[in-house]
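Colleague:
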Amino acid sequence: MMKFKNLPALVLLAVLTIAAAGCQSTPAPTPPGPDSSPPDQVEPARMDVAVYYLKTTPSDMYLIREVHEVDKTDEVAKAALNELINGNPITAGASRGLPDETKILGINIEQGLATVDFSAEVLKANVGSSGEALGIASIVNTLTEFPTIEKVAFAVDGSKEKGMDWWGHVGLYEQPFQHDVSRVFEPAIWVTSPVKEQMIASPLKISGSARVFEATVSFRLRDSSGAVIAQGFTTASEGAPGRGDYIGELAFTTSGAGKGQVEVFEVSAKDGRDTNKVIIPVQWQ
C-alpha cells in the first residue's frame, strides 16, 4: 500500500491522478453503423420510336418523321402512340395532330392488323379535311414502323361504329389503313438499317426512305479517324418530288475491331456537295 503522509500537495495530486488513470479501462471501439449514403441511381433503359407529326406551311400541309427516345417497354406500339399524342415535335413548325387528352385504351395486334381503341377525346380534333387525312396517316405510319404491323384500324371506347365519322371529313370508312409515306416531306432521307451502335459486318445492308433528285441515294462508311473505308450508292423506288424506298449493300474490309459511322446522303446536283445527310454511329469486330 502507498503512503502519502509526507508528500507535498502537488506531488500527491499527480500521484492520485496517475493512479486513477490506471484504474480506468479503455472503452471498446464503437462498431460502424449501417452505410447511410444513398444508393447509386440507375438510369432507366431507353429506346427509339419513329413518330409522324403534322407540319403546316403558308402553302401546304404535310407529315414529318422524327425519331424520339422513350422509356424502354415491351408495349412498344403503345409507347409510340403515347409519344405521338404527348411528345414534343423537334422540327420547326411541326405539331401534334391528336388532342392532348386522348388515351390509348388498348391495342390488339393479330395477323398483322393492329386495332387501336382510343378514348372519346380523340374525336375532339379540329384540323379540317386535309388535316384529318394526315392525322389518320400519322397514326398508321407510326404503328406500321413495327415489323409485326401491316395494317391499322381504329375504335373509340371499344366501338368501331362510334368513331366511323372520325373528325367529320374523311372518316374511317376505308379502314384498315396501310403504310403511306407519300405525304411525308421531311426529312428527305431516313435510315431504317443499320441502327445506331449496331455491330455491322460486310456486306452491310443499308435501307430506308428517300425523297431525292433522280432517286439516287449515296452512302459511305468512315472509321473513327474520319477516313473513308468504303462508299457506294443505290436507287430508290421513286425520285423527288415523290418518295421511294431504297436498299443497298456496301462491301468493306477493316484491319480489326473498331468504331465509325455510316453516312447516307444526297449529292447536290448544283455543286456536288453532300446534302440531307444522315449519320449512324456503328461498330465492327
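Here this note's numbering is used: position 6 in the sequence shown is 186, and no number is missing along the way. Note that beta-carbon positions come from the ideal geometry of N, C-alpha and C, so glycine has one too. Computed from a predicted structure; not experimentally measured.
(1) Provide the residue(s) that pair with S275 in DSSP beta bridges, ordered along the chain.
(2) Over what stretch of residues does the beta strand (DSSP E) that includes G424 continue unbroken?
(3) I think A294 touches D337, with their Cβ atoms under 8 Å apart; what is that distance to the nearest whole Å?
(4) What do you reckon, are the CB atoms on I380 and V444 nearer than 7 Å?
(5) Beta carbon of L303, beta carbon of I284: below 7 Å?
(6) Could you tell me which uninterrupted beta strand (DSSP E) segments, each at least 3 residues in length, are contained entirely in the stretch 321-394, listed from first to last along the chain?
(7) DSSP beta-bridge partners for I296?
(8) Note down the Cα distance separating D403 from K439, rounded to an integer number of angstroms.
(9) If you draw a straight line from the C-alpha of A274 to the C-alpha of T236, how long is it?
(10) Look at the alpha carbon of G202 and the alpha carbon of E223, and state the distance between them as a whole number of angstroms.
(11) Report, in whole angstroms, the separation of the C-beta atoms of A305 and L278, which I expect to be a contact under 8 Å.
(12) Buried or exposed: where does Y233 fall if 16 or more other Cβ atoms within 10 Å of its Cβ makes it buried?
(13) Beta carbon of L243, beta carbon of R423: below 7 Å?
(14) Using a Cβ-Cβ cutoff of less than 7 Å, which residues in the same chain neighbour A395 once the five nearest sequence positions on both sides are dropped?
(15) At the level of alpha carbons, what is the spacing between E281 and G267?
(16) Evaluate I460 with the Cβ neighbour count: other Cβ atoms within 10 Å of its Cβ, from every protein chain shown; 16 or more gives buried, anything less gives exposed.
(17) Whose CA, out of E263, D240, Q355, L430, lies closest to the CA of D228?
(18) Is it buried or exposed, D288, if we count other Cβ atoms within 10 angstroms and call 16 or more buried?
(19) So what does G440 bridge to, in DSSP terms?
Modeller: Reading it off the structure:
(1) L234
(2) 424-430
(3) At roughly 18 Å, the Cβ-Cβ gap does not stay under 8 Å, so A294 and D337 are not in contact.
(4) no
(5) Judged by beta-carbon spacing, I284 lies beyond the 7 Å limit of L303, meaning their Cβ atoms are not closer than that value.
(6) 331-336, 364-366, 369-373, 378-380, 384-390
(7) Just to set this straight, residue 296 is Val in the shown sequence, not Ile. Bridge partners of V296: I287, F334.
(8) 6 Å
(9) Cα to Cα, the separation comes out at about 7 Å.
(10) Caution is warranted here: a pLDDT of 48 is assigned to G202, below 50, making its placement in the model unreliable, and the coordinate value is therefore given only provisionally. Straight-line Cα distance between these residues: approximately 58 Å.
(11) With 8 Å as the limit, A305 and L278 qualify as a contact, their Cβ atoms being about 6 Å apart.
(12) buried
(13) Not in contact: L243 and R423 (Cβ atoms no closer than 7 Å).
(14) T415, A416, E418, G419, G424
(15) 13 Å
(16) buried
(17) E263
(18) At residue 288 the sequence reads Asn, which differs from the Asp that was named. With fewer than 16 other Cβ atoms within 10 Å, it is exposed.
(19) D403, V462
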